[in-house]
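Colleague: The sequence shown: position 148 = 156 (the working numbering), numbered continuously.
Glycine residues also receive a C-beta, built at the ideal position from the N, C-alpha and C atoms.
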Amino acid sequence: MSVRATARVTALRDSRGATSFPVLESEGPLALRRTRATAPGSARVTVVGAMSAPLGGDRLAIEVRVGQGVQLTVDAAAATVALPGPGPDAGPAHYDVTLEAGEGAGLNWRPEQLISAHGSHLIMRTTVELAATARLVLREEQILGRHGETTGTLISRLTVRRTGRPLLDQQVAYGPGAPGGWDGPAVLGGHRAVGQLLVVEPAFDEKAPDTRLLGPTAVLTRLAGPAVLVTAVATDARELRAVLDRAADELTALATG
Numbered sequence: 009m010s011v012r013a014t015a016r017v018t019a020l021r022d023s024r025g026a027t028s029f030p031v032l033e034s035e036g037p038l039a040l041r042r043t044r045a046t047a048p049g050s051a052r053v054t055v056v057g058a059m060s061a062p063l064g065g066d067r068l069a070i071e072v073r074v075g076q077g078v079q080l081t082v083d084a085a086a087a088t089v090a091l092p093g094p095g096p097d098a099g100p101a102h103y104d105v106t107l108e109a110g111e112g113a114g115l116n117w118r119p120e121q122l123i124s125a126h127g128s129h130l131i132m133r134t135t136v137e138l139a140a141t142a143r144l145v146l147r148e149e150q151i152l153g154r155h156g157e158t159t160g161t162l163i164s165r166l167t168v169r170r171t172g173r174p175l176l177d178q179q180v181a182y183g184p185g186a187p188g189g190w191d192g193p194a195v196l197g198g199h200r201a202v203g204q205l206l207v208v209e210p211a212f213d214e215k216a217p218d219t220r221l222l223g224p225t226a227v228l229t230r231l232a233g234p235a236v237l238v239t240a241v242a243t244d245a246r247e248l249r250a251v252l253d254r255a256a257d258e259l260t261a262l263a264t265g
């Protein structure tokens, strides 16, 4: 039997200037926990998987709203593993993420890896709405197949709007049913770890880094707006994380320097 579940987070400033959570709701396999933040003046929420999900046929969603001036990190306790459904007629799983950040807010969206297990079929959609002075750090990491197995089918779309105008809209597809050539030398070249880091920073209006290679399998791209996108492929999850972490450190230093 398929699962339908939505987790919701709303983070606002209270009358004392502290962060409050008028909404912190969990359902099904999506358990939300307020955890200790690592940066002064910020808050943190961790997604804890309460059961195996998403399975074929499941419909999961996470909605995060960050109010004016709030600094929030949302991370995860473990990787998300897309698994086959209970039968051949289960259909694909759907996982929708909606993020919203208000004026002067900062949202750090750092889930763990999404693993596409053999035989799974997942359609993922991430939609972001940003105010003019909002900051965003968004990391996505996709691992195509568990150790020693081929990947499932994974379709992932990321849409980001700033002040209602498009900033980034892209879709990728891997595995059975994806367009031919997705695993070819001009796309993945045999790599099984794919990731990206999107940083939206108003300070980049004046001092954004130039587009350049970050190594043989990674590139930093300056977007048409105060944002940069780092895209990378790697042989495994550890190598991918190292590339994205180095890029995040560099971009953070540039924004605050």
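#1: Classify R200 as buried or exposed, calling it buried when 16 or more other Cβ atoms lie within 10 Å of its own Cβ.
#2: Grab the span of the beta strand (DSSP E) containing T239 for me, first residue to last.
#3: By a C-beta neighbour count over all protein chains shown, 10 Å radius and 16 as the cutoff for buried, is G223 buried or exposed?
#4: Do you know offhand how far G265's Cα is from G189's?
#5: In this structure, how does DSSP classify A264 when only helix, strand and coil are distinguished?
#6: Since G64 and P37 are thought to touch, with beta carbons under 8 Å apart, how far apart are those beta carbons, to the nearest angstrom?
#7: If you run the structure through DSSP and keep just helix, strand and coil, what is D22?
#8: According to DSSP, what are the bridge partners of R16?
#9: Cα separation between R118 and P96?
#10: Buried or exposed: S23, going by 16 or more other Cβ atoms within 10 Å of its Cβ?
#11: What are the start and end residues of the beta strand (DSSP E) that includes E148?
#12: Closest to E148 by C-alpha separation, out of I131, T158 and L166, would be which residue?
#13: Expressed to the nearest angstrom, what Euclidean distance is found between the alpha-carbon atoms of L221 and G153?
#14: Need the endpoints of the alpha helix (DSSP H) that D273 sits in, please.
#15: Distance, Cα to Cα, G112 vs G77?
Modeller: According to the structure data:
#1: Counting Cβ neighbours within 10 Å, R200 comes out buried, since at least 16 surround it.
#2: Note, T239: beta strand (DSSP E), A235 to A242.
#3: Answer is exposed; the Cβ neighbour count stays below 16.
#4: G265 and G189 have their C-alpha atoms spaced approximately 42 Å apart.
#5: Note that residue 264 is Thr in the sequence shown, not Ala. Shown here, T264 sits in a helix according to DSSP, grouped into three states.
#6: Not a contact, Cβ separation roughly 14 Å.
#7: DSSP places D22 in coil when its eight states are reduced to three.
#8: In the DSSP output, where bridge partners are listed per residue, R16 has E33 and E71.
#9: Roughly 33 Å between the two C-alpha positions.
#10: It counts as exposed.
#11: Counting along the chain, the beta strand (DSSP E) containing E148 begins and ends at R143 to L152.
#12: Comparing Cα-Cα distances from E148 to each of I131, T158 and L166, the minimum goes to L166.
#13: L221 and G153 have their alpha carbons spaced roughly 27 Å apart.
#14: In the structure as shown, the chain begins at 9 and stops at 265. Residue 273 is therefore absent and cannot be evaluated.
#15: Counting only the Cα atoms, G77 lies some 5 Å from G112.
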